[in-house]
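Encoded as structure tokens, the structure appears first; notes follow it.
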Amino acid sequence: MPESKLPFKEESELLPKEVAAEQLGKVNTDELAEEESYVPLRVRTYTSSFCNFEGEDVWINAFVRALIREKIIIDTSNLHFTISRNFFEVNGKKQSAIVVTKYNELYTSITEVELNSRSRISLSVGESSCSLSKTIDE
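When we follow this note's numbering, the leftmost residue of the sequence shown carries the number 29, and every step to the right adds one.
The structure is reproduced here in structure tokens:
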């Protein structure tokens, strides 16, 4: 993908052990911790001068990577998604219940907060704008 088409810049970062285990498809993180050969997984993140996803919003980078990896999106230009406990829509397309569950679990694994029936998160990224709206009912 050409850099000019992406509002995010790719960077490398080390993932925490639990997230790396999820990326590697390992279920038992205790077993992973016991492995002497454990090496953190290096992954790409996406950042932008106008979309600064840090701190409590760093989970967005994992969502973008997963959406691209699973070919739900092909790039991040004009990206829009909305997620709640039972709903996930990406660029106007409703996602299956399996995908909704998977992305809810991804969000929870990173933030340690579960989306409930009153929680809703929307992200819109245009050519020169970025808007994040979150209603999280803990």
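Beta carbons: idealized from backbone N, C-alpha and C, even for Gly.
Residue i - DSSP class collapsed to helix/strand/coil
i	result
lysine 122	strand
isoleucine 100	coil
leucine 160	strand
phenylalanine 81	coil
glutamate 117	strand
valine 86	coil
arginine 93	helix
Limits of the unbroken beta strand (DSSP E) element including residue i
i	result
arginine 148	148-153
serine 112	107-112
Burial state of residue i, where buried means 16 or more other Cβ atoms lie within 10 Å
i	result
leucine 151	buried
isoleucine 126	exposed
Short Cβ contact (8 Å threshold) for residue i with residue j
i	j	result
arginine 97	serine 147	no
leucine 103	leucine 160	Here the sequence assigns aspartate to residue 103, which means leucine is not the residue at that position. Their beta carbons are not under 8 Å apart, which means aspartate 103 does not touch leucine 160 by this criterion.
leucine 107	isoleucine 100	no
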